[in-house]
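**Student:** I am attaching a structure below and will ask some questions about it afterwards.
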Amino acid sequence: MGIGPVPASRKALARAGIGVGDLSVVEINEAFASQAVACLRALEIPEDIVNPDGGAIALGHPLGASGARITAKAAQQLMRGGGRFALATQCIG
Numbered sequence: 001m002g003i004g005p006v007p008a009s010r011k012a013l014a015r016a017g018i019g020v021g022d023l024s025v026v027e028i029n030e031a032f033a034s035q036a037v038a039c040l041r042a043l044e045i046p047e048d049i050v051n052p053d054g055g056a057i058a059l060g061h062p063l064g065a066s067g068a069r070i071t072a073k074a075a076q077q078l079m080r081g082g083g084r085f086a087l088a089t090q091c092i093g
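If you read the sequence shown in the UniProt record's numbering, its first letter stands for residue 1, the second for the next number, and so on.
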């Protein structure tokens with residue numbers, strides 16, 4: 001939990017050579033709403049591109065498959081919306 005996605009996301013974006021402004025979709029695995037809000041504020045990600053179909057709080061945590069659900073959902077959102085880049089994050093814990 002916590003803000004582990006912040007440094008990991010910054011590192012991933014830097015490695016990909018893109019910035020937050022290049023993202024069409026962000027799927028963040030929120031353990032708690034406050035955790036997700038803290039990460040989004042720290043990364044300065046606009047709320048309108050985050051978890052468009054609802055995140056784990058709305059959809060649930062598939063035990064042992066959260067990463068697969070988040071990644072597949074991000075890919076689905078890109079295909080549906082015609083976006084180019086997505087960020088899929090996990091919490092720590």
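For glycine and all other residues, C-beta sits at the position ideal for the given N, C-alpha and C.
Check whether the Cβ atoms of Ala86 and Leu43 lie closer than 8 angstroms to each other.
**Tutor:** Translated into the one-based positions of the sequence shown, residue 86 becomes position 86. Translated into the one-based positions of the sequence shown, residue 43 becomes position 43. Against a cut-off of 8 angstroms, the Cβ pair of Leu43 and Ala86 comes out as no contact.
**Student:** What's the C-alpha gap between Ala58 and Ala65?
**Tutor:** As a working note, residue 58 is residue 58 in the sequence shown. As a working note, residue 65 is residue 65 in the sequence shown. About 16 angstroms.
**Student:** Where does the unbroken alpha helix (DSSP H) through Val37 begin, and where does it stop?
**Tutor:** As a position in the sequence shown, residue 37 is number 37, starting the count at 1. 33 to 43 is the span of the alpha helix (DSSP H), which, as asked, contains Val37.
**Student:** Taking the straight line between their C-alpha atoms, what separation do you get for Thr36 and Ala16?
**Tutor:** By one-based count along the sequence shown, residue 36 stands at place 36. By one-based count along the sequence shown, residue 16 stands at place 16. Note that residue 36 is Ala in the sequence shown, not Thr. Near 22 angstroms, if we compare the C-alpha coordinates of Ala16 and Ala36.
**Student:** By Cβ distance below 8 angstroms, which residues in the same chain neighbour Gly19 in space, the five residues on each side in sequence not counted?
**Tutor:** Translated into positions along the sequence shown, residue 19 becomes position 19. Only Leu13 meet the Cβ criterion.
**Student:** Starting from Ala88, trace the beta strand (DSSP E) in both directions and tell me its first and last residue.
**Tutor:** Translated into positions along the sequence shown, residue 88 becomes position 88. Segment 85 to 89, the beta strand (DSSP E) holding Ala88.
**Student:** Ile3 to Gly81, Cα distance in whole Å?
**Tutor:** Reading the sequence shown from its first residue, position 3 is the one you call residue 3. Reading the sequence shown from its first residue, position 81 is the one you call residue 81. Cα to Cα, Ile3 sits roughly 28 angstroms from Gly81.
**Student:** How long is the line joining the alpha carbons of Phe32 and Ala75, rounded to whole angstroms?
**Tutor:** As a position in the sequence shown, residue 32 is number 32, starting the count at 1. As a position in the sequence shown, residue 75 is number 75, starting the count at 1. So the two alpha carbons sit approximately 23 angstroms from each other.
**Student:** Three-state secondary structure (DSSP) at Leu63?
**Tutor:** As a position in the sequence shown, residue 63 is number 63, starting the count at 1. Reduced to three states, the DSSP call for Leu63 is coil.
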